[in-house]
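*Asks:* Note that the numbering used here has the sequence shown beginning at 440, numbered continuously upward. Note that CB positions come from ideal geometry on N, CA and C, so glycine has one too. A quick note: this is a predicted structure, and the numbers were derived from the prediction, not measured. Next up is a structure, given as structure tokens.
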Amino acid sequence: MQHGAQGGDGGLAAAWAYCGAQVRAADHDRWLCSLFAPETARRDLWALLAFNLEIARTREVVREPMLGQIRLQWWREAIAEAYAGQVRAHQVMAPLADAIARHRPPQAHFEALLEGRLRDLDDEPVETLAALEAYARATSATLALLMLDMLDVDDENARAASAAIGTAWALVGLVRATPHLAARRRLMLPQDLMEDINPETLFTGRPDDRLAGALRAVIDRAAAHLAEARCYRRKVPAAALPALISARLLDRQIARIRRAGFRIFDQPAETPSPLAPIRLWWAVRTGGF
Numbered sequence: 440m441q442h443g444a445q446g447g448d449g450g451l452a453a454a455w456a457y458c459g460a461q462v463r464a465a466d467h468d469r470w471l472c473s474l475f476a477p478e479t480a481r482r483d484l485w486a487l488l489a490f491n492l493e494i495a496r497t498r499e500v501v502r503e504p505m506l507g508q509i510r511l512q513w514w515r516e517a518i519a520e521a522y523a524g525q526v527r528a529h530q531v532m533a534p535l536a537d538a539i540a541r542h543r544p545p546q547a548h549f550e551a552l553l554e555g556r557l558r559d560l561d562d563e564p565v566e567t568l569a570a571l572e573a574y575a576r577a578t579s580a581t582l583a584l585l586m587l588d589m590l591d592v593d594d595e596n597a598r599a600a601s602a603a604i605g606t607a608w609a610l611v612g613l614v615r616a617t618p619h620l621a622a623r624r625r626l627m628l629p630q631d632l633m634e635d636i637n638p639e640t641l642f643t644g645r646p647d648d649r650l651a652g653a654l655r656a657v658i659d660r661a662a663a664h665l666a667e668a669r670c671y672r673r674k675v676p677a678a679a680l681p682a683l684i685s686a687r688l689l690d691r692q693i694a695r696i697r698r699a700g701f702r703i704f705d706q707p708a709e710t711p712s713p714l715a716p717i718r719l720w721w722a723v724r725t726g727g728f
């Protein structure tokens, strides 16, 4: 991976477009939310979310944990260089460095996000639901706080709401990803909820009915985090809403999982709802999430 500045405004424009396309394809819900941000902030959100995609897919693109650590270290050094005014010539890092230079988000947030992603390289099971929530906070909640930074929102209530929504987002995402992970003989469900469940039943795609109880516990915690976030609903500035309205999409995902009786291995792949943009527009229009 190269060092050096991305060439001119034209290069940045192409890089922003690349980031937007990546996010639209692989993180469609957050991409929809970003459309309600001002144009400049929208591009910065795309750069941030594309960065998140790069580090989140580390486990899937390397064969050995050491290679994953090297990959994450590359990003750690690239972020540090961006704060020092240096830009690596990379189609995600160049626009992200530009956003960092203008918004100056806390570097510690990027450090926490990268540290959280090291957990993806560890095959040891998550011991407790509390440990799973800690992982969700380190990754998704930290990302949500960085989204606020890209929106230039420095508000205590918005940060509390955003962190809670981000934590819920990760918990629901991990439940939805369970069949995908199990097909690769990986599990992120806490051991304290899986004591009576043979993991092999998940790996073979034939989980027993007791799995529903474990999934329900995780979804209930996600719903509790959403309820916590909504305690701040009337206390956050309108500028923060693009980072918060994903809560509306989580409502639908949680309802779908519950309606299916937590039988996620039997659920067809979810496609983007044509009503999602309307739900988000109404959330912004009414100032709710």
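#1: Return the Cβ separation of HIS548 and LEU585 in integer angstroms, given the expectation that the two are a contact with Cβ distance under 8 Å.
#2: Exposed or buried, what is PRO544 when buried is set at 16 or more other beta-carbons lying within 10 Å of its beta-carbon?
#3: I need the DSSP call for GLU554, collapsed to helix, strand or coil.
#4: Helix or strand or just coil, what does DSSP make of PRO618?
#5: Under a Cβ-count criterion, where at least 16 other Cβ atoms within 10 Å of its own Cβ denotes burial, should MET440 be classed as buried or exposed?
#6: For ARG697, which option in VAL657, ALA679, ILE717 has the closest C-alpha, if you only look at C-alpha atoms?
#7: Give the range of the alpha helix (DSSP H) segment to which HIS664 is assigned.
#8: Do the region 637-646 and the region 606-622 touch if we need at least three Cβ pairs shorter than 8 Å?
#9: Throw me the rounded Cβ distance for the GLN706 and ALA715 pair, which I believe falls under 8 Å.
#10: Name the two residues that bound the continuous alpha helix (DSSP H) containing VAL500.
#11: Leaving aside the five residues before and after PHE704 along the sequence, list all residues of the same chain whose C-beta is less than 7 Å from its C-beta, in chain order.
#12: I need the DSSP call for HIS442, collapsed to helix, strand or coil.
#13: Whole angstroms are fine: how far does the CA of ALA653 sit from the CA of THR606?
#14: Am I right that ALA600 and VAL723 are in contact with their C-beta atoms under 8 Å? What's the rounded C-beta distance?
#15: Taking a contact to mean a Cβ-Cβ separation below 8 Å, would you say LEU590 touches ALA480 in this structure?
#16: Smallest Cα separation from GLU634: which of THR578, PRO564, GLY612?
#17: Can you tell me whether SER712 is helix, strand or coil according to DSSP?
#18: Please report how far the alpha carbon of ALA460 lies from the alpha carbon of LEU568, in whole angstroms.
#19: What runs of the alpha helix (DSSP H), each 4 residues or longer, lie entirely inside the region 547-604?
#20: Nearest-angstrom Cα distance between VAL500 and ASP559?
#21: Can you name the start and end residues of the alpha helix (DSSP H) that ILE539 belongs to?
*Replies:* In brief:
#1: Taking the sequence shown and counting its residues from 1, the one referred to as residue 548 is at position 109. Taking the sequence shown and counting its residues from 1, the one referred to as residue 585 is at position 146. Cβ-Cβ separation between HIS548 and LEU585: approximately 5 Å, consistent with a contact (criterion under 8 Å).
#2: Position 105 of the sequence shown, counted from the start, is the residue given in the question as residue 544. Buried, by the Cβ-count rule.
#3: Stepping through the sequence shown from its first residue, residue 554 is reached at position 115. Correct three-state label for GLU554: helix.
#4: Sequence index remark: in the sequence shown, residue 618 carries index 179 (1-based). Looking at PRO618 - three-state DSSP - the assignment turns out to be helix.
#5: Position 1 of the sequence shown, counted from the start, is the residue given in the question as residue 440. Residue placement at MET440 is poorly supported in this model, since its pLDDT is 39, which falls under 50; the coordinates are not used for a value here.
#6: As a working mapping, residue 697 is identified with position 258 in the sequence shown. Cα-wise, what sits closest to ARG697 is VAL657.
#7: Working through the sequence shown from its first residue, we reach residue 664 at position 225. Unbroken alpha helix (DSSP H) run through HIS664: 650-668.
#8: With a cut-off of 8 Å, the region 606-622 and the region 637-646 count as touching, because enough Cβ pairs lie within range.
#9: Position 267 of the sequence shown, counted from the start, is the residue given in the question as residue 706. Position 276 of the sequence shown, counted from the start, is the residue given in the question as residue 715. Rounded, the Cβ-Cβ distance is 18 Å, inconsistent with contact.
#10: The sequence position of residue 500 within the sequence shown is 61, counting from 1. Boundaries of the alpha helix (DSSP H) around VAL500: 497-500.
#11: Mapped onto the sequence shown, residue 704 falls at position 265. Correct list, in chain order: PRO618, GLY644, PRO646.
#12: As a first step, residue 442 must be located in the sequence shown, where it is residue number 3. Any answer about HIS442 is weak, because its pLDDT of 39 lies below 50 and its placement is not dependable; what the coordinates show is given next. If DSSP states are grouped into helix, strand and coil, HIS442 belongs with coil.
#13: For the purposes of this step, residue 606 is taken as residue 167 along the sequence shown, with counting starting at 1. For the purposes of this step, residue 653 is taken as residue 214 along the sequence shown, with counting starting at 1. Between the C-alpha atoms of THR606 and ALA653 there is a straight-line separation of about 18 Å.
#14: Stepping through the sequence shown from its first residue, residue 600 is reached at position 161. Stepping through the sequence shown from its first residue, residue 723 is reached at position 284. In fact, because the Cβ distance is near 15 Å, the residues do not count as touching under 8 Å.
#15: On the sequence shown, residue 590 is found 151 positions in, with the first residue counted as 1. On the sequence shown, residue 480 is found 41 positions in, with the first residue counted as 1. Yes, the pair counts as a contact, with Cβ atoms nearer than the cut-off.
#16: Taking the first residue of the sequence shown as 1, we reach residue 634 at position 195. Nearest option by C-alpha distance: PRO564.
#17: Your numbering for residue 712 matches position 273 in the sequence shown. The three-state secondary structure of SER712, taken from DSSP, is coil.
#18: Within the sequence shown, the letter at position 21 stands for residue 460. Within the sequence shown, the letter at position 129 stands for residue 568. Taking the straight line from one Cα to the other gives about 34 Å.
#19: For the region 547-604, whole alpha helix (DSSP H) runs of length 4 or above, ordered along the chain, are 568-575, 581-589.
#20: Here residue 500 refers to the residue found at position 61 when the sequence shown is read from its first residue. Here residue 559 refers to the residue found at position 120 when the sequence shown is read from its first residue. Here the alpha carbon of VAL500 sits roughly 12 Å from the alpha carbon of ASP559.
#21: Taking the sequence shown and counting its residues from 1, one reaches residue 539 at position 100. Note, ILE539: alpha helix (DSSP H), 532-542.
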